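> According to UniProt numbering, the sequence shown holds residues 1 to 71 in order. We treat Cβ as the ideally placed atom computed from N, Cα and C, and that holds for glycine. A quick note: this is a predicted structure, and the numbers were derived from the prediction, not measured. First the structure, then my questions, so here it is.
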Amino acid sequence: NEQEYLKKGELVRYHASISKPFPGHVFIVGDQCFYNEPQGTIHEWDDYRSYHAGANCGVGPKFLFNFLGYR
Numbered sequence: 001n002e003q004e005y006l007k008k009g010e011l012v013r014y015h016a017s018i019s020k021p022f023p024g025h026v027f028i029v030g031d032q033c034f035y036n037e038p039q040g041t042i043h044e045w046d047d048y049r050s051y052h053a054g055a056n057c058g059v060g061p062k063f064l065f066n067f068l069g070y071r
């Protein structure tokens, strides 16, 4: 329940690139596109509710991790 989470503090959302960079791996959040990101890179979203998408247009496996936290 989003309202219960918001009672605990300001929500923030992050994207972490778990896989090594590989041609064809892409992650989009809002108006930002992340491509060929180094492994371990973390980005904070502008808004935790932003529209987002990830795609694997390559031939290697793609792993990422999106998580919520409190500020």
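Is residue 27 buried or exposed, if buried means 16 or more other CB atoms sit within 10 Å of its CB?
Here residue 27 refers to the residue found at position 27 of the sequence shown. It is buried - the Cβ of residue 27 has at least 16 other Cβ atoms within 10 Å.
> Would you tell me roughly how many angstroms separate the C-alpha atoms of residue 14 and residue 61, rounded to the nearest one?
As a first step, residue 14 must be located in the sequence shown, where it is residue number 14. As a first step, residue 61 must be located in the sequence shown, where it is residue number 61. Roughly 21 Å separates the two Cα atoms.
> List the endpoints of the continuous alpha helix (DSSP H) containing residue 51.
Looking up residue 51 in the sequence shown gives position 51. No alpha helix (DSSP H) contains residue 51, which DSSP labels as neither H nor E.
> State buried or exposed for residue 17, treating a residue as buried only when at least 16 other CB atoms are found within 10 Å of its CB.
Locating residue 17 in the sequence shown gives position 17, where the first residue counts as 1. So residue 17 counts as buried.
> Using CA atoms only, rank isn't needed, just tell me which of 3, 71 and 25 is closest to residue 45.
Mapped onto the sequence shown, residue 45 falls at position 45. Here the closest residue by C-alpha is 71.
> Going by DSSP, what residue range makes up the alpha helix (DSSP H) through residue 4?
Taking the first residue of the sequence shown as position 1, residue 4 is located at position 4. Its alpha helix (DSSP H) spans residues 2-7.
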